[in-house]
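Note that my numbering has the sequence shown beginning at 1, numbered continuously upward.
All C-beta atoms, glycine included, are put in the ideal place defined by N, C-alpha and C.
No experiment lies behind these values; they were computed from the predicted model shown.
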Amino acid sequence: MKNRKIVYVGFAGDIIHYGHINIIKVARKYGYVVIGLLTNKAIESYKRKPLMNFNQRRIVARNIKGVEKVISQNTLDYTKNLKKIKPDYVVHGDDWKKGPQKKIRKKIIELLQQWNGKLIEVPYTKGISTTKLLNQLKIESQNKN
């Protein structure tokens, strides 16, 4: 990791789709990718109960090309992890400009300024989301019954 920029990506990692892979691909261009994997409790604070437990999601995240380290993120708020590792970049989808993560986004921008870190926002991948995938599965399951 010597002389490489640190790139932090907060990640639930419950159902991985090409939007997530796109964010990681962008992050890789900037340096050493550290995934802050949200704990079950952190995910449940703004979504639903994850389908896979934390250890299962950690195994998946560790095996995504370009991910070099996975650490726990115990809350939806990135502050604790960011203060600890002081990344050069935080990469996130731009969908968090609205909704439950809007306040966290603002806080991260302010925090990154303390060590000249930068937020890189990747345009939201249209047509795909974990919620959309789950809803599609639910409909398909209902249609079979």
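| Item | Value |
| --- | --- |
| Residue nearest to Asn22 in terms of C-alpha spacing, selected from Val122, Ile139, Lys47 | Val122 |
| Status (buried if at least 16 other CB within 10 Å, exposed otherwise) for His92 | buried |
| Trp115 versus Arg48: straight-line alpha-carbon distance, rounded | 34 Å |
| Spatial neighbours of Lys29 in its chain, beta-carbon cut-off 7 Å, leaving aside the 5 residues before and after | none |
| Distance, Asn143 Cα to Trp96 Cα | 33 Å |
| Burial state of Ile139 (16 or more Cβ within 10 Å) | exposed |
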